Amino acid sequence: MTGDYLKALMGLQARSPVLISLYDQHDRLRFANAAFRSTYHVGADESPTWEEIMRRNHAAGRGMVLGTDDIDTWIATALERRGNVPSRTTEAELHDGRSLWVTDTLDEKRWTLSMAVDVTSIREEERKHRKDRDFALRDTPVEELIHVPDRRHTLGKLAEFIRNCAENPQMWGCVAIVDIDYFKAINDRYGPHRADEVLLDFARQMQGFVRRSDCFGRIGGEAFMLILPDTTVSESNLILDRLLEKVRDARPLSNIPEFYYTCSVGLAEYREGDKVSDIYSRANQALHLAKREGRDRVKRYTLPGSDHEFRPDQTS
1 MTGDYLKALM GLQARSPVLI SLYDQHDRLR FANAAFRSTY HVGADESPTW
51 EEIMRRNHAA GRGMVLGTDD IDTWIATALE RRGNVPSRTT EAELHDGRSL
101 WVTDTLDEKR WTLSMAVDVT SIREEERKHR KDRDFALRDT PVEELIHVPD
151 RRHTLGKLAE FIRNCAENPQ MWGCVAIVDI DYFKAINDRY GPHRADEVLL
201 DFARQMQGFV RRSDCFGRIG GEAFMLILPD TTVSESNLIL DRLLEKVRDA
251 RPLSNIPEFY YTCSVGLAEY REGDKVSDIY SRANQALHLA KREGRDRVKR
301 YTLPGSDHEF RPDQTS
């Protein structure tokens, strides 16, 4: 009988007008029915990520209406919202005139099931009120200039990360403080407008490194925080080394092609019994060491006598 149930289920989903899609923990499409693939122009043998689907449909003027000319900022904001709650419901407008009511359900392994129903026939005024309510509920406070989460939201995510680790012994992770090197000198030499362009470029560079489970935000001035749940120190180092290389190769000032900038990073891993101030302090001390040793590098906080990379009695 199990085979009959499965055969019936697969046959019905294939004919259903409901858009059904399943994404893995890396936000890559692992299953989609015909209704979804037709709407978002995904081939039968394709398995793109959610971000890739959004980017290529936006470029082609099809699929979901994003209502922005700045796709990078839109993607960064949307990725911050995706995967933050076990279930969320939103409304999407399509270029073909349809409206979809989308429900995303997240499991403990961070796989996401998305179900979208055509609600075009619902009265326009009712949809508008519901969309306004949904936007208010899901909106994340962001920095106005660079459109990344602000200090309050980021530190709130840090507290949530600490709480999750404390409540679940199987959870771990790392926290990095990333600081743009010589930012005051950049501002003094090139002016505040150019300095803002550097901040914007850095935020864009980060988009390629922030995973769905991570949290990235600005904590003040030219300082940013990256929270890396379920990530070892070695894995975090690899991610951050690649980030520094990408930043190093960037040329954000189009009229000054020779200009480049670098970043320094302080890294700390979660320890049992940590408070927010504990891990923040260790990451900050490691950042001071990275600055003191020449900048443009990642340094991690280690216990005295381990690998001597950082000692608590060292000062910045």
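1 is the number of the first residue of the sequence shown in full-length UniProt numbering; add one for each residue after it. Every residue, glycine too, gets a C-beta built ideally from N, C-alpha and C. This one's a predicted model, so the numbers in the text were calculated from it and none came from an experiment.
Inset, instruction - Name the two residues that bound the continuous beta strand (DSSP E) containing ARG218. - result: From DSSP, the beta strand (DSSP E) with ARG218 extends over 215-220.
Legend entry - Euclidean distance between Cα positions of TYR301 and PHE161: Approximately 18 Å, taken between the alpha carbons.
Legend entry - Residue range of the beta strand (DSSP E) that includes ARG152: No beta strand (DSSP E) holds ARG152; the alpha helix (DSSP H) holding it covers 151-167.
Legend entry - N- and C-terminal bounds of the alpha helix (DSSP H) containing PRO192: Element bounds for PRO192: 192-207.
Inset, instruction - Check each candidate in GLY156, THR73 and MET54 and name the one with the smallest Cα separation from MET64. - result: Among GLY156, THR73 and MET54, the Cα nearest to that of MET64 belongs to MET54.
Inset, instruction - Report buried or exposed for THR154, applying the criterion of at least 16 other Cβ atoms within 10 angstroms of its Cβ. - result: Label assigned to THR154: buried.
Legend entry - Cβ shell of LEU94 (< 8 Å), same chain only, five flanking positions each side left out: Only THR39, GLY63, MET64, VAL65 and LEU100 meet the Cβ criterion.
Inset, instruction - Locate the alpha helix (DSSP H) running through PHE259, then write down its first and last residues. - result: No alpha helix (DSSP H) contains PHE259, which DSSP labels as neither H nor E.
Legend entry - Collapsed DSSP secondary structure at GLU269 in the structure displayed: Here GLU269 sits in strand by DSSP.
Inset, instruction - Take ILE146 and list the residues in its own chain whose beta-carbon comes closer than 6 Å to its own, dropping the five residues that flank it on each side. - result: The answer, listed in chain order, is LEU199, LEU200 and ALA203.
Inset, instruction - Tell me whether PRO149 is buried or exposed, calling it buried when 16 or more other Cβ atoms sit within 10 Å of its Cβ. - result: Only buried fits PRO149, as 16 or more other CB atoms lie within 10 angstroms of its CB.
Inset, instruction - Would you tell me roughly how many angstroms separate the C-alpha atoms of SER277 and THR89, rounded to the nearest one? - result: Distance from the CA of SER277 to the CA of THR89, rounded to the nearest whole angstrom, comes to 34 Å.
Inset, instruction - Identify which residue in LEU228, VAL178, PHE216 and PHE183 has its Cα closest to the Cα of LYS299. - result: Checked all of LEU228, VAL178, PHE216 and PHE183; the closest Cα to LYS299 is VAL178.
Inset, instruction - Quick one: give me the first and last residue of the alpha helix (DSSP H) that GLU245 is part of. - result: Counting along the chain, the alpha helix (DSSP H) containing GLU245 begins and ends at 233-249.
Legend entry - ASP279, buried or exposed, once every other Cβ within 10 Å from all chains shown has been counted against 16: Looking at the sequence shown, residue 279 is not Asp but Ile. Around the beta carbon of ILE279, 16 or more other beta carbons sit within 10 angstroms, so the residue counts as buried.
Legend entry - SER277 in three-state terms, based on DSSP: SER277 sits in a helix when the DSSP states are folded into three classes.
Inset, instruction - Since I believe ALA35 is in contact with SER47 (beta carbons under 8 Å), could you give me their beta-carbon distance rounded to a whole number of angstroms? - result: The Cβ separation is near 17 Å, so there is no contact.
Inset, instruction - Following the continuous beta strand (DSSP E) through MET64, name the residue where it begins and the one where it ends. - result: First-last for MET64: undefined, no H or E at that position.
Inset, instruction - Would you tell me roughly how many angstroms separate the C-alpha atoms of GLU245 and ALA32, rounded to the nearest one? - result: Distance between the alpha carbons of GLU245 and ALA32 is about 36 Å.
Inset, instruction - Quick one: give me the first and last residue of the alpha helix (DSSP H) that GLU80 is part of. - result: Boundaries of the alpha helix (DSSP H) around GLU80: 71-81.
Legend entry - Run of the alpha helix (DSSP H) containing TYR40, from where it starts to where it stops: Note, TYR40: alpha helix (DSSP H), 34-40.
Inset, instruction - Could you pull out every residue in the same chain whose Cβ sits closer than 6 Å to the Cβ of GLY305, ignoring the five residues on either side in sequence? - result: Any reading at GLY305 must be qualified, since the residue scores a pLDDT of 48, below 50, and its modelled position is unreliable; no value is offered.
Legend entry - Proximity of THR103 and SER87 at Cβ, strictly below 8 Å: Yes, the pair counts as a contact, with Cβ atoms nearer than the cut-off.
Legend entry - Helix, strand or coil at ARG28 [DSSP, three-state]: Here ARG28 sits in strand by DSSP.
Legend entry - Cα-Cα separation between TRP172 and ASP27, rounded to whole angstroms: Rounded to the nearest angstrom, the two C-alpha atoms are 21 Å apart.
Legend entry - Per DSSP, the bridge partner or partners of ASP118: Its beta-bridge partners are LEU100.
Legend entry - Three-state secondary structure assigned by DSSP to GLY3: Three-state result, GLY3: helix.
Legend entry - For PRO229, the residue or residues it bridges with in DSSP: Looking at the DSSP output, PRO229 sits in a beta bridge with GLY173.
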